[in-house]
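In this note's numbering, the protein residues as written are 1 to 146.
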């Protein structure tokens, strides 16, 4: 569980580091989301609730969506969001995706709702050799088990 919480915290930090990303709690302290342009690009939930930490991202790219659905415990996000490409991925499952994969999915989800100016800023960061978000360290990025 500790590894899942560390991974959750690192994903949250990464998401918040994307251009003009804003963290909000629209349904209370256990319902963390990160938005850009007033649109949610990642549902993070919380770490103290009844469920193990997890995240939901919107993956329009078929290959990324298919890959996400193979993660242990992954399922279409509830409330009808799964029909629009949203995938819930638990972080506490044995064999849960590595942090770098999770951050790739978060970035892809961000790209689905961000404005062109946000994408231009993100791409400029990447072209300059910077990570899209804060450096979470190679050990955390490569951590692949929950």
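Ideal Cβ positions, reconstructed from N, Cα and C, are used throughout, including at glycine.
Source: prediction; values computed, not measured.
query, result
"Continuous alpha helix (DSSP H) stretch holding residue 14: start and end", "2-16"
"Residue 59 vs residue 42 beta-carbon contact at 8 Å", "no"
"Spatial distance of residue 17 from residue 52 (CA atoms)", "24 Å"
"Nearest to residue 45 (by Cα), restricted to the options 37, 33, 39 and 38", "33"
"Buried or exposed (CB count within 10 angstroms, at least 16 for buried), residue 14", "buried"
"7 Å Cβ shell around residue 75 - same chain, five flanking residues per side excluded", "88"
"Spatial distance of residue 97 from residue 71 (CA atoms)", "7 Å"
"Given residue 36 as reference, the closest of 23, 30 and 47 once Cα atoms are compared", "23"
"Nearest-angstrom beta carbon gap, residue 8 and residue 91 [assumed within contact, 8 Å]", "6 Å"
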